Amino acid sequence: MPNTTSEAREQVLNVAEQLFMERGYSAVRLKDIADALNIKQASLYYHFPQGKEELYVEVLRHSLRRHAAGIQAALAQAPAGDWLAQLEAVASWLLSQPPVDKMSTVQHDLPEIHPETVHMLDEESFAALFVPILGIFAAAQASGQIELEDPDLVAGMFLGMINNLHMVKAEWNPRSKHQMAEMLIRLLARGLEPRPA
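Note that numbering that gives the first Met the number 0 gives residue 150 to position 151 of the sequence shown, counting from 1, and the numbers run on in steps of one.
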C-alpha cells in the first residue's frame with residue numbers, strides 16, 4: 000500500500016472502480032476489494048466508514064472528476080476557436096478511458112441509493128461530461144462556424160457516438176477507434192455547415 004492516506008485512498012478507489020466495472024456493484028464484496036489490495040477488509044472502513052455504498056458513490060465521483068479534468072486538459076491543448084480540433088481532442092481523450100456509461104450503468108445495480116445522492120451524481124455527470132462538449136458547439140454556433148437548432152441534442156449525440164465506439168470490435172471495422180471518431184466528426188461537421196440563405 001502507498002505511504003500516505005491520500006495515496007492509499009486513491010489506490011482503493013482505482014481498484015474498486017476496476018472491480019465494479021468488471022463485475023457490477025452486486026457481485027463485488029468489500030472482501031474482494033481488500034483482497035485485490037492485499038489489505039484487511041476492516042482497513043477499507045478507515046476510508047469509507049459507511050461501507051460499500053459509500054465507496055461505490057465515491058468511485059463514481061472520482062471517475063467523474065477524472066473525466067472533467069481530462070476533458071479540460073484536452074480542450075486546453077486544442078487550438079482556441081477550432082471546434083473540430085476541440086471535438087477531436089475530447090474524443091481522443093474519451094477513447095483513452097473506460098466507457099463513461101460503464102460506471103453509470105452499474106448504478107442500476109445499487110439497491111437503495113438515496114435520491115439526493117442520485118441527483119448529485121446526475122448533476123456531477125452533466126457538469127463533467129456534457130457541459131464542456133455543449134460549450135464547444137455553443138461557441139461554434141455563436142461564431143457562425145456551424146448552424147444548429149439544438150446544441151444540447153448535438154452535444155448529447157456526440158458524447159453517445161464517441162462512447163459507443165468502445166463497443167466496436169476490431170474484427171467489425173479495420174479502422175482504429177480514433178480513425179472512426181475522426182470520420183464521425185467530419186460527418187457531423189458536414190451536417191452542421193451553415194446553409195446559404
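The beta carbon of each residue, even a glycine, is placed where N, CA and C say it ideally should be. What you are looking at is a predicted structure, and each value in this text was computed from that prediction instead of being measured.
DSSP places Asn172 in the coil class of the three-state scheme, outside both helix and strand.
Rounded to the nearest angstrom, the gap between the Cα atoms of Val58 and Pro195 is 49 Å. For Asp151, the enclosing alpha helix (DSSP H) begins and ends at Pro150 to Asn163.
In terms of Cα proximity to Trp82, the closest of Thr3, Ala154 and Ile112 is Ala154.
Two segments are said to touch when three or more pairs of C-beta atoms, one from each, lie closer than 8 Å; by this definition the region 60-68 does not touch the region 156-169. When Cβ pairs closer than 8 Å are counted between the two stretches, the region 130-149 is seen not to touch the region 91-98, the count staying below three.
Scanning its chain for C-beta atoms nearer than 7 Å, with the 5 sequence neighbours on each side dropped, one finds around Gly143 the residues Pro193, in chain order.
Closest by C-alpha distance to His61, out of Val27, Gln17 and Ala73, is Gln17. Each residue's CA atom was taken as its position, placing Gln49 and Thr116 some 14 Å apart. Per DSSP, reduced to three states, the secondary structure at Ser5 is helical. Secondary structure at Ala79: coil, using DSSP grouped into helix, strand and coil. Assignment of Gln85 by DSSP, reduced to helix, strand and coil, places it in the helix class. In the three-state scheme derived from DSSP, where H, G and I count as helix and E and B as strand, Ile184 is classed as helix. Annotated three-state conformation of Arg189 is helix, per DSSP.
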